Structure formats: C-alpha cells, structure tokens
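Just so you know, we're using numbering that gives the first Met the number 0 here: the sequence shown kicks off at 0 and counts up by one. The C-beta atom is built at its ideal place from N, Cα and C for all residues, glycine as well. It should be emphasised that the depicted structure is a prediction, and the values quoted were computed from it without experimental measurement. Contents: one structure, followed by commentary.
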Amino acid sequence: MKKVRQKIKPYFVSFLSVIFVILCITADGISTNPSFQKPKGVIVLDPGHGGNDTGAQSSDGILEKAVTLNIARLIADKLNEDYKVVLTRTDDYWLDIPKRTALANYLQADLFISLHTGGSFLHSVGGTSIFYYEKSPESALQEQTPTLDSLTGEDAPFMSWNHIQDRYLTSSKKLAEHMQAQIIKITQDPDSNIKSAPLSVLQGADMPAILIELGYLTNPNEGKALGNPEFLSLLAEAISKGIGSFLSKKGQ
Ligand SMILES: [Zn+2]
C-alpha cells in the first residue's frame with residue numbers, strides 16, 4: 000500500500016501543479032469575469048483581418064493583417080503597465096466581426112480600437128483616417144418607420160444591441176480627436192481626417208470605439224513606412240498617448 004502511495008504521490012503533485020497553472024492562466028485570461036481590471040482601465044485592440052482575409056497589400060508584399068497585428072502588439076507592450084490590454088486576435092487567424100466587439104463588451108472594456116490600413120487602386124491615395132460610428136441617414140430613416148418586425152417585440156432587444164454604439168457618438172468622436180492630435184505629430188499628415196461611417200465592426204461596441212486607418216499600404220511611401228518597425232513603434236507610441244490622453248480627460 001505504502002509503495003502504491005509513493006508511486007501515486009508524484010502524479011498527484013504534478014496533477015496539482017497543472018491545476019495551479021490553469022488557475023493562474025484563467026485568473027488573467029478572458030474566460031473569467033472582468034474582475035481583473037487594472038485601475039486605469041481595460042483596452043481592447045482589434046487587429047483587422049486575419050487568416051485568409053489578408054486585407055490590403057503593399058507593392059513589397061506587406062499585408063494589412065500583419066501590420067495590424069504588429070502594431071496592436073506594440074501598443075499592448077506600451078500600455079500593459081497601466082492598463083489591461085486585450086487583443087481580439089493574437090495570431091494570424093480570422094475572427095468574425097461580431098465576436099470582436101462581443102469580447103470588448105464581455106470584458107466591459109473602457110475602449111475598443113479597431114486597427115486597419117487603407118488600400119486603393121490609385122497609388123496616389125494616402126493618409127490616415129479615424130472613423131467613429133454613425134448610422135447612415137437611410138438606416139436612421141428606416142428605424143423611424145415601424146415595421147412588422149419591430150412591432151413583434153421579440154426583435155426589439157436585438158435591434159437595440161445592434162445599434163448600441165449610437166449611445167457613444169459624442170465620446171467616440173472625442174476619442175477620435177484625441178487620437179488624431181497624437182497621430183499627426185508622428186505622420187505630419189496634413190490630410191489626416193476624422194470621418195463618421197456606419198461601420199459594422201463598431202456598431203455593437205458598448206463603449207467609446209473607433210477604427211484607425213493607419214495609412215495606405217498601396218501608397219508607395221506609406222506602404223514602406225508601415226513595413227518599417229521603427230515607424231510602427233512611433234505610431235504605436237502615438238496611439239498609446241491618444242488612449243491615455245482620452246481616458247485621463249474622461250468625465251471632465
Ligand atoms: Zn482593413
């Protein structure tokens with residue numbers, strides 16, 4: 000019996016250590032409730048595209064899905080001390096659009112930032128753009144007209160969740176302004192602009208949310224810059240400062 004116990008003991012100890020490791024991982028992971036929030040807040044970064052969806056491509060073969068993941072990792076590194084930063088995708092795989100905002104909502108994130116680059120058939124097109132969500136005039140009009148679906152009641156919760164970002168129009172716009180002020184310092188881009196659009200990746204976010212188009216991969220100069228780790232690091236620094244600046248002035 001003693002011999003059996005001695006044999007079992009090491010297995011039992013290693014079983015316990017496995018459980019301990021799992022507990023440690025989940026304590027800081029996304030599968031637990033959001034009680035792990037750091038005092039300064041939770042930021043969800045969404046590297047656009049992934050997997051078979053490569054996004055735009057530069058003439059040197061640099062892919063949008065790689066640029067967005069690279070910069071998201073750099074931003075996370077810069078903010079990790081003060082904030083809990085979570086990436087919607089951490090590697091090269093596709094993730095459904097609704098799942099991206101669903102993660103941010105689950106974590107009760109303070110901010111949701113989707114990262115993209117531009118792409119155009121015209122090589123001369125370039126510049127950074129920052130988008131916040133605003134529904135199209137047509138969809139606003141449609142919502143004002145009662146339909147059979149909207150009268151059944153069953154669809155009502157879905158409708159309100161679908162347009163939850165409407166509530167954050169002012170704060171998302173403010174976040175875009177903070178972000179642009181920092182990004183311009185790095186890009187010196189006079190054509191950098193803030194736009195509103197009915198973007199599906201933002202519409203379900205239950206917090207201030209923006210989409211940053213970091214520049215055009217198809218523009219020769221910008222494509223080169225976005226493939227340069229030093230430039231990406233500067234851009235990541237600017238985005239981190241934009242986040243810090245917005246959150247520090249929140250509620251003022
Ligand atoms: Zn994109």
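Would the C-beta of residue i count as close to ligand 1, meaning under 6 Å from any of its heavy atoms?
i, result
"Glu63", "yes"
By a C-beta neighbour count over all protein chains shown, 10 Å radius and 16 as the cutoff for buried, is residue i buried or exposed?
i, result
"Asp76", "exposed"
"Thr186", "buried"
"Lys194", "exposed"
"Gly88", "A quick correction: the sequence has Arg, not Gly, at residue 88. Burial call: buried."
"Thr116", "buried"
"Phe120", "exposed"
"Asp52", "exposed"
"Arg99", "buried"
"Asn79", "exposed"
The alpha helix (DSSP H) spanning residue i covers which residue range?
i, result
"Tyr167", "From DSSP, Tyr167 is part of no alpha helix (DSSP H); its letter is neither H nor E."
"Gly49", "Run containing Gly49: none; DSSP gives neither H nor E here."
"Val66", "Glu63 to Leu78"
"Lys83", "Careful: Lys83 lies outside any alpha helix (DSSP H), inside the beta strand (DSSP E) at Lys83 to Leu86."
"Ala108", "It is not in any alpha helix (DSSP H) - Ala108 carries neither H nor E in the DSSP assignment."
"Gly222", "Pro219 to Leu225"
Grouping DSSP H, G and I as helix and E and B as strand, with all else coil, what is residue i?
i, result
"Asn192", "strand"
"Glu212", "strand"
"Ala117", "According to the sequence displayed, residue 117 carries Gly and not Ala. In the structure shown, Gly117 sits in a strand (DSSP, three-state: E or B)."
"Leu94", "coil"
"Leu198", "coil"
"Ala103", "helix"
"Ser244", "helix"
"Gln187", "coil"
"Pro136", "helix"
"Ser239", "helix"
Start and end of the beta strand (DSSP E) containing residue i?
i, result
"Ser128", "Ser128 to Tyr132"
Self-check item: Around ligand 1, Cβ to any heavy atom closer than 5 Å, ordered along the chain
Solution: Near ligand 1, meaning a Cβ closer than 5 Å to any of its heavy atoms, lie the following residues in chain order: Gly47, Gly54 and His115.
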